[in-house]
Amino acid sequence: MRRHFLYPLALVGILALSLVGPNELQAQAVDVTDSTAVTSEEPAVGQDRARPYFQNRRAPAQVVRAPSSDGGGAPRYLALHIGRMFADQSYRWGRKDQEDIGGLNAGVTYRMGEWINSMDWALRIDYTNYSLSQGSARKLSVGAILTFPDANSQFPLYFGGGIGPGFFIKQLPNESVVALDYQLLAGARFLNLFNNMGLMFEAGIKNHIFLLSDGQYNGVYVNVGTVFAF
39 MRRHFLYPLA
49 LVGILALSLV
59 GPNELQAQAV
69 DVTDSTAVTS
79 EEPAVGQDRA
89 RPYFQNRRAP
99 AQVVRAPSSD
109 GGGAPRYLAL
119 HIGRMFADQS
129 YRWGRKDQED
139 IGGLNAGVTY
149 RMGEWINSMD
159 WALRIDYTNY
169 SLSQGSARKL
179 SVGAILTFPD
189 ANSQFPLYFG
199 GGIGPGFFIK
209 QLPNESVVAL
219 DYQLLAGARF
229 LNLFNNMGLM
239 FEAGIKNHIF
249 LLSDGQYNGV
259 YVNVGTVFAF
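Under the working numbering, the first residue of the sequence shown is numbered 39, with each subsequent residue one higher.
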């Protein structure tokens, strides 16, 4: 009797499976797997959670600040200076070697640029007159000057040197009208003492060698002047 009772139940089960189909059973299995994967994933914490924030965060725009001429360094400056020559000597210039022939020394220096945190380079134009036994001479010098430290450091003392050509506006007969000028210098500058104007003091050695004839000149100079920072 029991076997006859189980046969109808088996037929009902087989019929139910045929109505449901394998596709629906597979879909249910996928749903269960996906839900299990989602629930099993650990929430992002610590560095994993902070990483997208730093990746999406943009760096603030950098602002380039120009140096101020009000109590600070000077982007550019122009110096006007005047002085005279001392303890100078000439060799093979004129009929004989002579001493103390240098006189007025005046000029202008314009700062052209700098090597940042290192030194400045400037254009210097000088005028110098000389009194020799055979007559007078006048020379205009144009040269490049290197000084350190740079003016933007605001350090008052500076050192340097320069070189360039010298052209005689007036020269003794049979002497070269072109010379090679070179100098070593040291000084102090005080910027912005009165608004954009300051003071400078400078001393050094100025020498020149004639290019078209024999002769040379060596001398010491002392200059004072004003500095305009702008």
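Idealized CB from N, CA, C, for every residue including glycine.
For Pro211, no beta strand (DSSP E) encloses it, and the DSSP letter there is neither H nor E. In the structure shown, Ser169 adopts extended strand secondary structure according to DSSP, grouped into three states. For the pair Asn167 and Gly151, the Cα-to-Cα distance works out to about 30 Å. As computed with DSSP, Phe228 is found in a beta bridge with Leu237.
Taking the C-beta atoms as reference points, Lys177 is found nearer than 9 Å to Phe205. Between the beta-carbon of Gly253 and that of Glu213 there is about 7 Å, and that keeps the pair under the 8 Å contact cut. Assigned with DSSP and collapsed to three states, Ser191 falls in helix. The beta carbon of Trp131 sits closer than 6 Å to the beta carbons of Gly253 from its chain, once the five residues preceding and following it are set aside; these are given in chain order. With contacts defined by Cβ atoms closer than 9 Å, Gly263 and Gly242 do not form a contacting pair. Here DSSP, grouped into helix, strand and coil, assigns Asp252 to coil.
Counting along the chain, Gly151 sits inside the beta strand (DSSP E) bounded by residues Gly140 to Trp153. With respect to the 9 Å criterion, Met238 and Arg227 are classified as neighbours on the basis of their beta carbons.
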